[in-house]
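Student:
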Amino acid sequence: MSRIVLIEDNVNNARIAQKLLNRAGHEVVTAEDGETGLEKVLELTPDIVLVDLGLPDVDGQTVVGMMRQQESLKQTRIIAFTAWPEATAQEMALAYGCDGVITKPIDTRQFAAQVVAFLKPQFDQTTS
Amino acid sequence: MMPRVSEPDYTVVPCSRYNFTELAEIYNATRTDYIVPMPMNAKRMEQYAAWYDVDLDRSMVIFDSTKAMAGLGMLAVRGKRAWITRLGVLPERRGKGLGLFMMEELLVRARDAACNRVQLEVIRDNHPAHNLFLRLGFVDLRELLVIRRPPGRKTSVIPEYTTESLTPDTIQARLSALDGSQRSWLDEPASLRHLPGLRGMQVTCSKGVGLIIWQHSMLQMEHLVLVPVNGTAAALAPYLLHALHSQNPAQDTKLENLPADDPTWPVFQELGYIESFRRIEMDMQL
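Quick mapping for you: the protein sequence lines, in order, are chains A and B.
If you read the first sequence in the numbering used here, its first letter stands for residue 1, the second for the next number, and so on.
If you read the second sequence in the numbering used here, its first letter stands for residue 1001, the second for the next number, and so on.
1) Out of Trp1214(B), Gly1152(B), Gly1099(B) and Thr1264(B), which has the shortest C-alpha to C-alpha gap to Ala1234(B)?
2) If you draw a straight line from the C-alpha of Leu1132(B) to the C-alpha of Val1139(B), how long is it?
3) Which residues, in order along the segment 49-62 of chain A, keep a beta-carbon less than 9 Å from a beta-carbon of chain B?
4) Buried or exposed: Asp214(A), going by 16 or more other Cβ atoms within 10 Å of its Cβ?
5) Where does the unbroken alpha helix (DSSP H) through Pro1266(B) begin, and where does it stop?
6) From the beta carbon of Met1038(B), is the nearest beta carbon of chain A less than 8 Å away?
7) Can you check which of these residues, Glu1022(B), Glu1222(B) and Gly1137(B), is closest to Met1284(B) by C-alpha distance?
8) Of the residues that make up the segment 72-93 of chain A, which ones have a beta carbon closer than 9 Å to any beta carbon in chain B?
9) Which of the three DSSP states, helix, strand or coil, is assigned to Cys1015(B)?
10) Please tell me whether Gln69(A) has its Cβ less than 8 Å away from any Cβ of chain B.
11) Considering Met67(A), what are the terminal residues of the beta strand (DSSP E) in which it resides?
12) Evaluate Gly1095(B) with the Cβ neighbour count: other Cβ atoms within 10 Å of its Cβ, from every protein chain shown; 16 or more gives buried, anything less gives exposed.
13) Starting from Phe1063(B) and walking both ways along the beta strand (DSSP E), at which residues does that stretch end?
14) Counting only runs that start and end within the segment 1222-1263 of chain B, where is the alpha helix (DSSP H) found for 4 or more residues in a row?
15) Among Leu1144(B), Leu1219(B) and Val1225(B), which residue has its Cα nearest to the Cα of Asp1261(B)?
16) Out of curiosity, what's the CA-to-CA distance linking Thr1167(B) and Ala17(A)?
17) Does the beta carbon of Ala1129(B) sit closer than 8 Å to a beta carbon anywhere in chain A?
18) Spatial neighbours of Arg1175(B) within its chain, please: CB distance less than 6 Å, with the 5 preceding and 5 following residues excluded, ordered by chain position.
19) Quick check on Val41(A): does DSSP put it in helix, strand or coil?
20) Since I believe Ile1280(B) is in contact with Glu1046(B) (beta carbons under 8 Å), could you give me their beta-carbon distance rounded to a whole number of angstroms?
21) According to the Cβ coordinates, are Asp59(A) and Leu53(A) closer than 8 Å?
22) Given a cut-off of 8 Å on the beta-carbon distance, is the pair Pro1151(B) and Ala1250(B) in contact?
23) Look at the alpha carbon of Trp1051(B) and the alpha carbon of Asp1009(B), and state the distance between them as a whole number of angstroms.
24) In angstroms with no decimal places, state the Cα-to-Cα distance between Ile79(A) and Lys1254(B).
25) Taking 6 Å as the limit between beta carbons, can you name the residues of its chain near Cys1205(B), skipping five residues before and five after?
26) Hey, Arg77(A) and Asp99(A): beta-carbon distance below 8 Å or not?
27) Does the Cβ of Ser1165(B) have 16 or more other Cβ atoms within 10 Å, making it buried, or fewer, making it exposed?
28) Just to confirm the assignment: which complete beta strand (DSSP E) runs, minimum length 3, are found wholly within the segment 1142-1174 of chain B?
29) If I'm right that Arg1086(B) touches Tyr1027(B) with Cβ under 8 Å, what's the distance once you round it to whole angstroms?
30) Which term fits Val11(A), buried or exposed, when burial requires 16 or more other beta carbons within 10 angstroms of its beta carbon?
31) Could you tell me which of Ala1068(B), Val1077(B) and Arg1124(B) sits nearest to Asp1057(B), measuring between CA atoms?
32) Put Asp52(A) into one of helix, strand or coil per three-state DSSP.
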């Protein structure tokens, strides 16, 4: 079981994603904006952070950039969760230090497995 | 110019009748499927209206023939120039001419405000919106970049330079003296002077003297302005940006609407900036 923080302003998207991850046995804490999300991540040191790049207060890239400067979050996988075109999302997300991108709309059958796949050793920041 | 859409069953209500929470919700609802979703909260919507001189009385929320709320469009006015912004129709209400109707209404309101020029930007690859604006008589002026620089990027070694912080009064004076004719609405002097958290420094180097002014918040630097005092922007830019980033290594940086052909763009790239997306700036004489 993993602890996941999901930073997503769209309530419906968040609910669906949370439900899918809960069903797969993971603990999920949600936040609707970047500042709240950052607070929860720093408080909980989750295994995974799923962050929407389009947030209503401070955007997702800024949130990721801040998280990636925290020593305490070196082991945390950060995944951009976005409706941006895939090529743009990949370049931006990786430039900011994300471990990967999951594009919306999600495939509900694959989503939980896609998220947890980022826990595999090849995504370890300390070895990159 | 296309003939006006006649649709008496559409209703428009001034944005001034709504609070910023409501306006943000409406705006966000129109952009859920946008190429680059950039939602806003109430605070950001309020700031946007204030910083960019949005006229909320002349801006509108539109209701379709079923009386359902369908979209939003905003008009900003500065003297004889107007700027159309935040235009959007709810995804489920599209295809009925609501965007065209709002644009025609906004152009009428710009004329009523004694404006003789209207500007706007559209995200490149938003073909339906771009085509709508072209059909109305807008012309493409240039492409504008939105660029980002993640924190923690290494800055290259460059020859020595000295820096000196600018006072708030000096910053405001410099911004007032800036030539805004080549700057977009978001970063022309009238916008920049509204911004809280402005900081600046003067950099003296072998290429001359220049200023860099920016808006600073805890997490981010935005609205960068490079001002050559003695020398050229392209020659001074490496020093100005090196000074900015070496003194603020933990800040994320965003710059909107750098002209795609600006001679400083390669300098930004060398310092770790990447292109996020592009806009097409358009305008029309009324």
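Just so you know, even glycine gets a beta-carbon here, dropped at the ideal spot from N, CA and C.
Note that the structure is predicted; figures quoted are calculated from it, not measured.
Tutor: To lay it out plainly:
1) Thr1264(B)
2) 11 Å
3) Asp52, Leu53, Gly54, Leu55, Pro56, Asp57, Val58, Asp59, Gln61 and Thr62
4) Shown here, chain A extends from 1 to 128; a query on residue 214(A) therefore has no answer.
5) Trp1265 to Glu1270
6) yes
7) Gly1137(B)
8) Thr82, Ala83, Trp84, Pro85, Thr88, Glu91 and Met92
9) helix
10) yes
11) Here Met67(A) belongs to no beta strand (DSSP E); instead the alpha helix (DSSP H) covers Gly60 to Met67.
12) exposed
13) Met1060 to Phe1063
14) 1233-1247
15) Leu1144(B)
16) 48 Å
17) no
18) In the sequence as displayed, the identity of residue 1175(B) is Leu instead of Arg. Around Leu1175(B): Pro1189, Leu1192 and Arg1193.
19) helix
20) With 8 Å as the limit, Glu1046(B) and Ile1280(B) do not qualify as a contact, their Cβ atoms being about 27 Å apart.
21) yes
22) yes
23) 34 Å
24) 21 Å
25) Tyr1161 and Tyr1239
26) yes
27) exposed
28) 1162-1165
29) 6 Å
30) exposed
31) Val1077(B)
32) strand
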